[in-house]
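Undergrad: If you scroll down you'll find the structure; I have some questions about it.
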Amino acid sequence: MAHRVAVNDGAAGSKRTSRVRVAVRLRPYMDKQDEKGEGPCVRGLGPQKLEIINWRNATETLQYQFDVFHGEQTTQQEVFLTSVKPILPHILNGQNASVFAYGPTGAGKTHTMLGSQEQPGVIPRAVKEVFKLVDAQEKEQDGWEYSVGMSYLEIYNEKVLDLLSPGSQDLPIREDKDRNILIPGLTHTPLLSFTDFDTHFIPASLNRTTASTKLNQRSSRSHAILLIKVVKSQRGPPHRQQTGKLYLVDLAGSEDNRRTGNQGIRLKESGAINLSLFTLSKVVDALNAGAVGRVPYRDSKLTRLLQDSLGGSAHSVMITNIAPEYIYYFDTFSALNFAAKSKQIVNRPFVRETVLAPTIAPGKRAREEQEAGGSGEPQNKKSKEGKKAERSSSPPVHPHSSPDSSVLERLLALEKMMMGSAERERLNLLKTVAQSRKEIQMLKEKQKELEDKANMFNKQNETVEKESKDALLFKTDLPPLHRKQSTAAKPRKQQAVVTPLQVSQVQPLQQCAVVCKPSQFLDKKKKRIQTEVCEGKENGGVDRPPADDINWESHLDSALLEQSRKKILQTLNSGSLKDLKSLQLIGDKKAKLIMGWREIHGDFTQLEDLKKIEGITPKRFTSFIKANILSSMGK
Ligand code: ADP
Ligand code: MG
């Protein structure tokens with residue numbers, strides 16, 4: 194009789210891999226998401242790096258580093274090859290794995306996981322690959338037989354619902370004596386082939402999508418979890434058996450529903466989403482920090498379910514999807530912080546040398562059509578978006594634009610992957626490879642030309658640059674990322690204009706987000722000194738409050754004063770947008786900045802923290818305190 198054995202690494206490697214690999218995927222810029230025509234606020238810097246404009250100081254950017262960065266031009270196939278395919282062989286050796294797509298609604302999670310018929314995503318590719326691996330093993334006749342099966346479920350409002358058996362009730366999550374996670378009652382459908390998978394998966398997905406429109410876009414608030422199980426049984430004695438599980442998860446949107454003003458959601462639903470994602474972030478954080486203590490798997494259904502497939506000896510990949518438009522700014526920022534928290538965050542000021550208007554339109558790119566093998570997919574909408582993306586940003590960093598050997602490797606891998614398909618498709622692909630190489634060359638030349646121009650111009654500013662030479666921590670050949678002037682009120686039709694190079698002020702080495710980040714561990718004195726340093730730099734030390742603004746407090750009762758300050762601090766930390774706007778001298782913009790700060794840094798520890806917000810100078814801060822304290826005292 195078959196009996197279970199402890200999960201064993203076998204030939205696939207015995208290293209315990211509790212770390213979660215983190216990839217970030219930036220979807221292409223979409224005009225329709227950017228009504229004000231502000232351009233992108235985030236862009237790639239290389240195969241692992243990206244930068245985002247610093248909301249506190251638009252002349253700076255914050256730079257992050259991840260295991261992998263997938264630029265806007267990355268194809269579905271490249272995402273699969275780099276981030277998912279390498280972990281699949283482990284499933285056939287009794288190990289578990291999980292791939293999950295994280296990020297705000299609209300940033301491309303479903304595109305990454307599910308994709309479309311023309312651009313299939315991780316799920317269809319991974320399932321196909323599992324069958325390919327199983328077939329290869331069976332051909333080898335290694336004395337084992339394999340069976341593949343699937344379950345498909347959704348976690349909505351902390352309820353586990355079976356998508357293969359619609360109408361089922363909330364299912365329990367259990368753990369057996371070997372610490373395997375089980376869901377009694379969950380439909381498990383045996384699969385013989387990929388076609389078989391499609392037959393079950395597509396209707397279930399469609400059910401979910403249809404339900405979602407009826408239920409106020411429920412799909413963006415639930416976690417869709419596909420489980421592929423591979424059971425490997427020894428044909429002869431001692432009839433050992435190993436089970437490998439692969440979880441493919443399209444997570445709920447990570448946007449803060451309170452902040453986005455999603456009025457329709459009931460409190461409970463919003464809380465439940467936050468609970469699962471919040472716990473997931475704690476779990477990933479604990480795993481990546483090499484936690485010796487408790488990993489809080491049990492704090493939410495999602496993490497409980499993924500417990501044996503996330504961390505430990507499992508192979509886990511998180512693909513954080515982000516969008517480049519400004520309307521996603523804070524969600525992108527918090528998604529990046531979630532993804533990068535436990536990694537080495539490169540969070541240094543980006544000191545620019547020149548400001549160069551975006552001029553490069555790198556021409557047609559070999560994109561997803563490679564994957565479709567030039568299958569006659571309608572090009573209109575997609576290519577329009579693609580072109581706009583190209584136009585709107587400086588030369589995007591994507592695999593095809595970095596003329597190093599990895600580009601060729603990827604393209605060759607792509608070619609290899611397509612070997613099994615029709616000859617026509619192969620030829621198309623080869624053509625695309627050649628075309629891509631040509632484009633790389635063109636881009637290189639264009640880039641060189643721009644650099645020469647920039648260098649010439651820079652010579653005139655050598656003196657300024659010299660002074661801050663030491664501050665140049667992170668140089669890049671890319672022109673700086675800057676927010677475009679809103680074009681909302683301007684006439685729609687605009688010609689692409691090549692504006693001359695402008696030299697921006699070279700910023701001294703300072704980053705208030707970093708230097709002045711409030712820390713409980715800093716003593717007050719130190720904190721004061723730091724704040725002063727920052728203010729001095731931001732304001733050139735000239736923005737000092739007038740004398741009567743300094744002494745006004747001395748006339749007031751100190752207990753009352755303290756009470757008022759506390760009340761203001763409380764509003765700053767827990768007030769809604771409306772509450773914040775009800776404060777004196779706080780308008781819509783400042784209220785939003787305060788909410789953004791709170792979201793990123795947590796509570797304000799003292800009122801003085803307000804000065805770390807863009808535009809709140811010491812003078813304004815003093816006026817703010819005075820106005821609010823006096824108004825709260827009814828004076
Ligand atoms: P989410 O699931 O995170 O809410 P979607 O996957 O539905 O986001 O993506 C939102 C829109 O953006 C869809 O129209 C999708 O086709 C498009 N999209 C997302 N990522 C990409 C990409 N990498 N390339 C092209 N289009 C994309
Ligand atoms: Mg989605």
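Numbering-wise (our numbering), the sequence shown opens with residue 194 and increments by one.
Where a beta carbon is used, it is the ideal one built from N, C-alpha and C, also for glycine.
Return the residue from the list 770, 799, 780 that minimises the CA-CA distance to residue 788.
TA: It is 770 whose Cα lies nearest to the Cα of residue 788.
Undergrad: Kindly give me the distance between the Cβ atoms of residue 345 and residue 397, rounded to whole angstroms, as I take these residues to be in contact under 8 Å.
TA: With 8 Å as the limit, residue 345 and residue 397 qualify as a contact, their Cβ atoms being about 5 Å apart.
Undergrad: Go through its chain and collect everything with a Cβ distance to residue 785's Cβ below 8 Å, but skip five positions before and after it.
TA: So the qualifying residues of the chain are 770.
Undergrad: What are the boundary residues of the beta strand (DSSP E) that includes residue 272?
TA: Taken as a continuous stretch (DSSP letters only), residue 272 belongs to no beta strand (DSSP E), being part of the alpha helix (DSSP H) at 269-272.
Undergrad: For residue 255, tell me which candidate among 375, 283, 269, 525 has the shortest Cα-Cα distance.
TA: Nearest option by C-alpha distance: 525.
Undergrad: Going straight from the alpha carbon of residue 774 to that of residue 496, what length do you get?
TA: Rounded to whole angstroms, residue 774 to residue 496 spans 37 Å at the Cα level.
Undergrad: If I measure Cβ to Cβ from residue 471 and keep anything under 7 Å in the same chain, skipping five residues before and after, which residues do I get?
TA: Cβ neighbours of residue 471 beyond the five flanking positions: none.
Undergrad: Restricting to runs no shorter than 3 residues, where is the beta strand (DSSP E) found entirely within the region 251-301?
TA: Runs of the beta strand (DSSP E) inside the region 251-301: 254-258, 261-263, 290-295.
Undergrad: Closer than 7 Å to a non-hydrogen atom of the ligand PLP - does that hold for the CB of residue 822?
TA: In terms of ligand content, the structure shown lacks the ligand PLP and carries the ligand ADP and the ligand MG instead.
Undergrad: Given the structure, does residue 303 come close to the ligand MG, in the sense that its CB is under 7 Å from one of the ligand's heavy atoms?
TA: Answer for residue 303: yes, Cβ within range of the ligand MG.
Undergrad: Rounded to a whole number of angstroms, what is the C-alpha to C-alpha distance between residue 441 and residue 794?
TA: Cα-Cα distance, rounded: 31 Å.
Undergrad: Within 10 angstroms of the Cβ of residue 517, are there 16 or more other Cβ atoms? Answer buried if so, exposed if not.
TA: The residue is buried, with at least 16 neighbouring Cβ atoms inside 10 Å.
Undergrad: Below 7 Å, is the gap between the Cβ of residue 413 and the nearest heavy atom of the ligand ADP?
TA: Result yes, Cβ under 7 Å from the ligand ADP.
Undergrad: Hey, residue 384 and residue 343: beta-carbon distance below 8 Å or not?
TA: Yes, Cβ-Cβ distance for residue 384 and residue 343 is below 8 Å.
Undergrad: With a threshold of 16 other CB atoms inside 10 Å of the CB of residue 251, please say whether the residue is buried or exposed.
TA: So residue 251 ends up on the exposed side.
Undergrad: Looking at the strands, I want to know which residues DSSP matches up with residue 514.
TA: Per DSSP, 218.
Undergrad: Under the DSSP definition of a beta bridge, which residues are partnered with residue 355?
TA: Paired residues: 346.
Undergrad: Is the beta carbon of residue 303 less than 8 Å from the beta carbon of residue 315?
TA: Not in contact: residue 303 and residue 315 (Cβ atoms no closer than 8 Å).
Undergrad: Could you tell me whether the region 321-340 touches the region 379-395, where touching means 3 or more Cβ pairs closer than 8 Å?
TA: Yes: the two stretches touch, three or more of their Cβ pairs being nearer than 8 Å.
Undergrad: Ordered along the chain, which non-local residues of its own chain (more than five positions away) have a Cβ less than 6 Å from that of residue 530?
TA: Answer for residue 530: no residue qualifies.
Undergrad: So, is residue 392 buried or exposed, given that buried needs 16 or more other C-beta atoms within 10 angstroms?
TA: By the neighbour-count rule (16 or more Cβ atoms within 10 Å), residue 392 is not buried but exposed.
Undergrad: Let's test the definition: count the other Cβ atoms within 10 Å of the Cβ of residue 753 and tell me whether it reaches 16, buried, or not, exposed.
TA: With fewer than 16 other Cβ atoms within 10 Å, it is exposed.
Undergrad: Roughly how many angstroms lie between the CA atoms of residue 242 and residue 522, to the nearest whole one?
TA: Between residue 242 and residue 522, the C-alpha separation is close to 17 Å.
Undergrad: Please give me, in chain order, every unbroken run of the alpha helix (DSSP H) with length at least 4 that falls completely inside the region 764-809.
TA: The qualifying runs are 770-774, 781-794.
Undergrad: Classify residue 802 as buried or exposed, calling it buried when 16 or more other Cβ atoms lie within 10 Å of its own Cβ.
TA: Buried, by the Cβ-count rule.
Undergrad: I'd like the list of long-range same chain contacts for residue 278, defined as Cβ closer than 7 Å, with 5 residues on each side in sequence excluded.
TA: So the qualifying residues of the chain are 322.
Undergrad: Taking 8 Å as the cut-off, does the region 217-230 touch the region 504-518 (at least 3 CB pairs, one atom from each stretch)?
TA: A contact exists between the region 504-518 and the region 217-230.
Undergrad: Given a cut-off of 8 Å on the beta-carbon distance, is the pair residue 296 and residue 493 in contact?
TA: Cβ distance not < 8 Å, so residue 296 and residue 493 don't count as in contact.
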